[in-house]
Amino acid sequence: MTKRCILIAVSIGLLSALMTVAADPRVDSRSSIADAEAFIRTWVEAQNSGNYRLYASLYLNSFSGVKRTGTNAYHYQYKEWLADRKKMFAHPFTVTVENLVITPENGVYQVTFIQTWESGTYKDRGAKVILLAAAGAELRIVREEMLNSTVMAPHSDVTDLTHGGNLFFVVDGSYIVFAGGFSPSLGKGPPSGTAGREQSFMENGVVKHIDERHIPSVYLKYRTETFRVYDHEGTAVLGRIDGFQLFTTFIPHFGEVEYFREEGVSRPEILKTRWEEGTEYQGNVFLVGHISGLHGDGVWARRDALPDPVFFERVDDGAGLALAAAESKKRGPYREYLGERAALPEEEREYYGVEFDVRGYRHPRTGASFYISTLSEGDPCGEWLWEMSFLWKTRAGGIELLDDYECPAHQPFAVVDLDNDGYPELFFEGWYGVLLQVESRTLKTSLSVPFLDCGC
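Under numbering that gives the first Met the number 0, the first residue of the sequence shown is numbered 0, with each subsequent residue one higher.
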């Protein structure tokens, strides 16, 4: 934003304040724009940490300000402002600052930014201007005005990923995912690596500490829960959350993976790079709870208070498998695939590999059998031309189609009845974490993370 644009945005009252303070405290040669930026960081941290004494020390006695909440405006002098702010500090709240612009103007630093303020069930966002002047060798606030305010729903950008509290995905082996869409500014301290199990190119999960005052209560309650954390084989280990963190990740280009490995994936500089790259993408900061002692083997979890899920048994029912294969090949997508493949030159048919697989699963309580047939055709670099899957269920005299879907076109690592209704939920290994295919024919994923890699 240019100086001209900033001045257009400033209210008439604030322009008057600029002229008033120019003759009294002024910025001197001992301060710089970098000092002003550091001052604003202190101002934000004082509020987010609940340090009222530090916050109050940042204002000059000659201060005046305007507070806005929605369409309401309140004008204060120094003592009135601090009295109002002291009441605000009685409850935890969060302030975040974006689009910071600092401009020397008429003997003061004019600081403009977009502020988001949130506490409990209230959240607002708007443009703010702060004027900084010298008080001896230090900078202090002489004017503060919220130019506009839009009331928002609290945590409006947060996406719940707990499936109604009935199923939790686990990333990097020991981190339960609760929600996505958190602000990266809530992450405190230096980032650290998750040190989870290696999968695909997944050496890039990083976490930061988050103050629990900034966590919605709907997730804080899980601290008192015991979880059953399952590995790929269906073996469960009991555990409890020992702390909440913010998590981000992305699937890097393989060249960047090599760079991370050469430089050392745990070096502070690399961890900082991984955090910054992951948080560039909207919605890519997740609230997770760490469970110790899992040795990086967990892939999904349930609250121990819920009934045990039922794991389907693999069956090698020759007649049923043959029927599922035959019926799958009668489906329109499969016939369309055969027609296009037949039209390819022979060398291309040899280049693109084809995998067709049919497996059977039986519910141990009801005895009902289900069959999953999958077909995929692609090149050695992982570029898929065709992907399709069919889910069948036995019925009197044959089988019926329950679902067909394009992706993922591979067999699940677990077939589970989570809600004891006799029908399967399918767990697949995804690019990152677990994909869940539920009976409502909706594909749900634990994480949808940026994919920056390419094939060969």
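Using N, Cα and C, we set each Cβ at its ideal position, and we do this for glycine too.
Anticipated Cβ contact below 8 Å, residue i with residue j, distance rounded
| i | j | result |
| --- | --- | --- |
| residue 193 | residue 210 | Residue 193 to residue 210, Cβ: 20 Å. No contact. |
| residue 460 | residue 361 | Because the chain in this structure spans residues 0 to 455, residue 460 falls outside the shown range and cannot be described. |
| residue 245 | residue 286 | 6 Å |
| residue 134 | residue 59 | 6 Å |
| residue 143 | residue 64 | 4 Å |
| residue 293 | residue 238 | 6 Å |
| residue 284 | residue 183 | 5 Å |
| residue 32 | residue 101 | 5 Å |
| residue 138 | residue 30 | 6 Å |
| residue 99 | residue 191 | In fact, because the Cβ distance is near 27 Å, the residues do not count as touching under 8 Å. |
| residue 311 | residue 423 | 6 Å |
| residue 212 | residue 301 | No, residue 212 and residue 301 are not in contact; Cβ-Cβ is about 28 Å, not under 8 Å. |
| residue 54 | residue 66 | The Cβ separation is near 14 Å, so there is no contact. |
| residue 403 | residue 330 | 7 Å |
Proximity winner among the options, relative to residue i (alpha-carbon distances)
| i | options | result |
| --- | --- | --- |
| residue 322 | 306, 399 and 254 | 399 |
| residue 229 | 94, 275, 159 and 414 | 414 |
| residue 252 | 265, 277 and 243 | 277 |
| residue 156 | 179, 147, 136 and 141 | 179 |
| residue 282 | 158, 239 and 141 | 158 |
| residue 70 | 96, 384 and 149 | 149 |
| residue 241 | 54, 221 and 305 | 221 |
| residue 68 | 160, 145 and 418 | 145 |
| residue 335 | 347, 274 and 386 | 386 |
| residue 89 | 332, 51 and 101 | 51 |
| residue 391 | 190, 243 and 328 | 328 |
| residue 123 | 140, 378, 139 and 93 | 93 |
| residue 425 | 370, 396 and 379 | 370 |
| residue 247 | 272, 420 and 232 | 272 |
| residue 290 | 243, 275 and 311 | 243 |
| residue 231 | 269, 213, 216 and 295 | 295 |
| residue 318 | 215, 418, 396 and 162 | 396 |
| residue 36 | 86, 103 and 72 | 103 |
| residue 316 | 279, 366, 337 and 346 | 366 |
| residue 47 | 236, 214 and 420 | 214 |
| residue 45 | 84, 34, 72 and 79 | 84 |
| residue 347 | 41, 379, 175 and 419 | 379 |
| residue 173 | 147, 136, 223 and 236 | 236 |
Residues bridged to residue i (per DSSP)
| i | result |
| --- | --- |
| residue 416 | 309 |
| residue 139 | 132 |
| residue 398 | 393 |
| residue 299 | 168 and 229 |
| residue 60 | In the DSSP output, where bridge partners are listed per residue, residue 60 has none listed. |
| residue 179 | 158 and 285 |
| residue 448 | Partner(s): none; residue 448 has no beta bridge. |
| residue 184 | DSSP, once it has assigned bridges, lists no residue as partnering residue 184. |
| residue 212 | Note: residue 212 sits in no beta bridge, so no partner. |
| residue 109 | 102 and 130 |
| residue 115 | 95 and 124 |
| residue 403 | 389 |
| residue 174 | 170 and 289 |
| residue 149 | 124 |
| residue 191 | 206 |
C-beta contact flag for residue i and residue j at 8 Å
| i | j | result |
| --- | --- | --- |
| residue 91 | residue 49 | yes |
| residue 353 | residue 326 | no |
| residue 225 | residue 303 | yes |
| residue 39 | residue 107 | no |
| residue 169 | residue 297 | yes |
| residue 259 | residue 449 | no |
| residue 114 | residue 128 | no |
| residue 166 | residue 299 | yes |
| residue 351 | residue 374 | no |
| residue 288 | residue 181 | no |
| residue 77 | residue 61 | yes |
| residue 412 | residue 427 | yes |
| residue 267 | residue 189 | yes |
| residue 410 | residue 364 | no |
| residue 187 | residue 274 | no |
is_contact[residue i, chain E] using C-beta, thresh 8 Å
| i | result |
| --- | --- |
| residue 332 | In the structure shown, chain E does not exist; there is a single protein chain. |
Cβ-heavy atom distance, residue i to the ligand SAM, below 7 Å
| i | result |
| --- | --- |
| residue 396 | No copy of the ligand SAM occurs in the structure displayed, which carries no ligand at all. |
Going along the chain, which unbroken runs of the beta strand (DSSP E) with 3 or more residues stay wholly within the segment 308-380? 312-314, 352-361 and 368-377
Which runs of the alpha helix (DSSP H) at least 4 residues long sit entirely within the segment 216-298? Give them in chain order. 216-219, 253-262 and 267-277
What ranges does the alpha helix (DSSP H) occupy inside the segment 40-107, keeping only unbroken runs of at least 4 residues that lie completely in it? 51-55 and 77-87
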